[in-house]
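Asker: Residue 307 in the UniProt record's numbering sits at position 307 of the first sequence; the count goes up by one each step and never skips.
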Amino acid sequence: MDLEITAEDSTFFCEDGDENGLLNGSSSDEAESTSEPRSGNDRPNMLSEFASEFYSGGSDYSSLMGNKKKNGLFVQKNLLQMWGIEKSGAADSSESRVSMENRKRKKSENEKEQWAVFGLNQKEFEKGKKPAIVQSRSCPFYKKIPGTPFTVDAFRYGAIEGCSAYFLSHFHYDHYGGLSKRWCHGPIYCTSITARLLNICLSVNKRYICALELDKEYEIEGVKVMLIEANHCPGAALIHLRLRDGRTYLHTGDFRASKSMQSHPILLSYHVNVLYLDTTYCNPKYRFPSKEEVIDFVVRTTRKYLQKQPKTLIVVGAYSIGKERVYLAISQSLQILPIYTDASRRRILESFGWSELSGRFSNSRHSSPLHVLPLSFLGLENLNKYLETLNQRFNAVLAFRPTGWTFSEATGSKLDMIKPTSRGNVTIFGVPYSEHSSFNELRDFVKFLRPEKIIPTVNASSSGSRDKMQALFNNWLKS
DNA sequence: GCGATCAGTT
DNA sequence: CACAACTGATCGC
Numbered sequence: 001m002d003l004e005i006t007a008e009d010s011t012f013f014c015e016d017g018d019e020n021g022l023l024n025g026s027s028s029d030e031a032e033s034t035s036e037p038r039s040g041n042d043r044p045n046m047l048s049e050f051a052s053e054f055y056s057g058g059s060d061y062s063s064l065m066g067n068k069k070k071n072g073l074f075v076q077k078n079l080l081q082m083w084g085i086e087k088s089g090a091a092d093s094s095e096s097r098v099s100m101e102n103r104k105r106k107k108s109e110n111e112k113e114q115w116a117v118f119g120l121n122q123k124e125f126e127k128g129k130k131p132a133i134v135q136s137r138s139c140p141f142y143k144k145i146p147g148t149p150f151t152v153d154a155f156r157y158g159a160i161e162g163c164s165a166y167f168l169s170h171f172h173y174d175h176y177g178g179l180s181k182r183w184c185h186g187p188i189y190c191t192s193i194t195a196r197l198l199n200i201c202l203s204v205n206k207r208y209i210c211a212l213e214l215d216k217e218y219e220i221e222g223v224k225v226m227l228i229e230a231n232h233c234p235g236a237a238l239i240h241l242r243l244r245d246g247r248t249y250l251h252t253g254d255f256r257a258s259k260s261m262q263s264h265p266i267l268l269s270y271h272v273n274v275l276y277l278d279t280t281y282c283n284p285k286y287r288f289p290s291k292e293e294v295i296d297f298v299v300r301t302t303r304k305y306l307q308k309q310p311k312t313l314i315v316v317g318a319y320s321i322g323k324e325r326v327y328l329a330i331s332q333s334l335q336i337l338p339i340y341t342d343a344s345r346r347r348i349l350e351s352f353g354w355s356e357l358s359g360r361f362s363n364s365r366h367s368s369p370l371h372v373l374p375l376s377f378l379g380l381e382n383l384n385k386y387l388e389t390l391n392q393r394f395n396a397v398l399a400f401r402p403t404g405w406t407f408s409e410a411t412g413s414k415l416d417m418i419k420p421t422s423r424g425n426v427t428i429f430g431v432p433y434s435e436h437s438s439f440n441e442l443r444d445f446v447k448f449l450r451p452e453k454i455i456p457t458v459n460a461s462s463s464g465s466r467d468k469m470q471a472l473f474n475n476w477l478k479s
């Protein structure tokens, strides 16, 4: 099961590209099971140990520090523990034990349901006989590009039959999932920033990484390829493809559409036949302000709080890459320096080679008035304890959680209506800083491109939402 | 003991 | 409530 297939041989891709039943309404869910058996480990791992152990901590930026040693790596249990304000281990609060047991019970209830639902008896289930639909995880159709040997963001399916070029649109877990130092199924095409992250965070063998410059045309397996800035996270790209037969495809990966995208020469020069679209917020209820407006709000708010209380610690939450502009803007417009973040995130941010960012960082929590912390840490309780660890240096915390969903039509784009949650000296603002297109931005982009066919890549698993989106597309494209 | 996958969290 | 994107727990080799 180790076939070397050329572009022309790749018969598994439906030539007419209509197997997905999205436009013509034909019912073929079978397209999805165009069976590639998971041929996971059919090849000896011939990778050399080029990456040092130091880098093998995955994308978890916190894994390089901390208090517990695991396989030669230091892995932290908990930020508060590591700063010495909370005991580790033996904390035998009966509360946590109870919730553990609750979870266990919940779990086993789920299992009971499972074997019943899938028509297995309990013995079969416990023996590990898995229902068929769980067993076969094959690459969904919308990750394959018909008429090419290409896939996009499809790394968790082992070797994909007929695929000789694997594109990665950007470095977020739900897109790169499946990549590791053991990847050996074929070349990975991505931007140079993403390429560096594959090396630094996942130790993917360099011989599989093919970095492409933005806005430059390449020819790969007979297809003209161009990556375009996606306005998502650093390194994120739209993938523009022109096949030999004249068809043009655009895969947006994850993106935030904007007016300026509409003046990209290649989008003006070639009519797009098929659009693979990031439909994350493809519902009229998602209206949020531009990034600039949100950043302006964040800066204004920060200024206000600092005037009231100069000894305020500013905190911005972020999980992996993305949202950099939020804390950069605070730092730049209010001359707040340096920025503290942990060593691992710092390494990642500095790898962008972004001169505005690099050079602003410090290792010292105590000497920095602006901290970038994991989003999951941004709660009232945690921040309050955090403030205590910085004894006396600060006497209040102002935190921002930049997330996409925050607002629906009611609150709309009136940023000043945002009410923070606060307790004592800790204030937390959720701000609608989105790195995906709003509904209107999506609509405008689609109306600009006027593709013949749109394949949603998000929210596409239920037929209900697929139909809903298709109705919207039809409406946008009529007349 | 490890990586892969699932389920739960914000 | 939403939701993408994580994190931690459990599974299976």
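For glycine and all other residues, C-beta sits at the position ideal for the given N, C-alpha and C. These numbers come from a predicted model, not from an experiment.
1. Label residue 310 either buried or exposed according to how many other C-beta atoms from any shown protein chain fall within 10 Å of its C-beta, with 16 as the threshold for buried.
2. Taking its Cβ as the centre, do 16 or more other Cβ atoms sit within 10 Å of residue 172, making it buried, or is it exposed?
3. Tell me whether the beta-carbon of residue 477 lies closer than 8 Å to the beta-carbon of residue 289.
4. What do you reckon, are the CB atoms on residue 428 and residue 370 nearer than 8 Å?
5. Quick check on this structure: which residue in 368, 444, 276 has the alpha carbon closest to the alpha carbon of residue 503?
6. Measuring CA to CA, which of 157, 474, 139, 198 is closest to residue 348?
7. Looking at residue 426 and residue 397, is the spacing between their C-beta atoms short of 8 Å?
8. Could you check the C-alpha separation between residue 323 and residue 355 for me, to the nearest Å?
9. Does residue 359 pass the burial test, meaning 16 or more other C-beta atoms within 10 Å, or should it be called exposed?
10. Pull up the CB-CB distance for residue 157 and residue 138, whole angstroms please, since I reckon it's below 8 Å.
11. Using 10 angstroms around the beta-carbon of residue 153, count the other beta-carbons present and answer buried if the total reaches 16, otherwise exposed.
12. Just the C-alpha distance for residue 450 and residue 377, rounded to the nearest angstrom, thanks.
13. Taking only three categories from DSSP, how would you classify residue 209?
14. Applying the 10 Å Cβ sphere with the 16-neighbour rule, what's the burial state of residue 213?
15. If you pair each beta-carbon of the region 235–245 with each one of the region 208–226, do three or more pairs fall below 8 Å?
16. On the criterion of 16 or more Cβ atoms from any shown chain inside 10 Å, does residue 434 qualify as buried, or is it exposed?
17. Quick one: complete beta strand (DSSP E) runs, 3+ long, within the region 267–331?
18. Buried or exposed: where does residue 267 fall if 16 or more other Cβ atoms within 10 Å of its Cβ makes it buried?
19. For residue 429, which three-state DSSP category applies?
20. Nearest-angstrom Cα distance between residue 351 and residue 342?
21. Nearest-angstrom Cα distance between residue 439 and residue 388?
22. Exposed or buried, which one is residue 232 when buried takes at least 16 other CB atoms within 10 Å?
23. From residue 222 to residue 302, what distance separates their C-alpha atoms?
24. Would you kindly work out how many angstroms separate the C-alpha atoms of residue 167 and residue 177, rounded to a whole number?
25. Buried or exposed: residue 265, going by 16 or more other Cβ atoms within 10 Å of its Cβ?
26. Could you please give the first and the last residue of the uninterrupted beta strand (DSSP E) stretch that includes residue 422?
27. Starting from residue 389 and walking both ways along the beta strand (DSSP E), at which residues does that stretch end?
28. Kindly identify the DSSP beta-bridge partner or partners of residue 244.
29. Contact check, residue 204 vs residue 298 under 8 Å by CB: the rounded distance?
30. Over the uninterrupted alpha helix (DSSP H) stretch that includes residue 173, give me the two end residues.
31. State buried or exposed for residue 441, treating a residue as buried only when at least 16 other CB atoms are found within 10 Å of its CB.
32. When burial is assigned at 16 or more other CB atoms within 10 Å of the CB, is residue 479 buried or exposed?
33. Is it buried or exposed, residue 401, if we count other Cβ atoms within 10 angstroms and call 16 or more buried?
34. For the beta strand (DSSP E) containing residue 151, name the first residue and the last one.
35. Assign residue 261 to one of two classes, buried (16 or more other C-beta atoms within 10 Å of its C-beta) or exposed (fewer than that).
36. Report the three-state DSSP secondary structure of residue 157 (helix, strand or coil).
Answerer: Let me spell this out:
1. Using a 10 angstroms sphere on the CB of residue 310, the tally of other CB atoms stays under 16, which defines it as exposed.
2. buried
3. No, the Cβ-Cβ distance between residue 477 and residue 289 is not below 8 Å.
4. no
5. Shown here, the chain extends from 1 to 479; a query on residue 503 therefore has no answer.
6. 198
7. yes
8. Rounded to whole angstroms, the gap between the alpha carbons of residue 323 and residue 355 is 16 Å.
9. exposed
10. 6 Å
11. Burial of residue 153 is indicated by the presence of at least 16 other C-beta atoms within 10 angstroms of its C-beta.
12. 43 Å
13. strand
14. Exposed: under 16 other Cβ atoms inside 10 Å.
15. Flag = yes, the region 235–245 and the region 208–226 touch.
16. buried
17. 274–277, 312–318
18. Buried.
19. strand
20. 14 Å
21. Each residue's alpha carbon lies about 42 Å from the other.
22. With a threshold of 16 other beta carbon atoms within 10 Å, residue 232 meets it and is buried.
23. So the alpha carbons of these two residues sit roughly 52 Å apart.
24. Answer to the nearest angstrom: the Cα atoms are 13 Å apart.
25. exposed
26. 421–423
27. It is not in any beta strand (DSSP E) - residue 389 instead sits in the alpha helix (DSSP H) that spans 380–389.
28. Partner(s): none; residue 244 has no beta bridge.
29. Contact flag wrong, Cβ pair sits at about 35 Å.
30. 173–176
31. Flag for residue 441 reads buried.
32. Taking every protein chain shown into account, the CB of residue 479 has fewer than 16 other CB atoms within 10 angstroms, so this residue is exposed.
33. buried
34. 150–152
35. buried
36. coil
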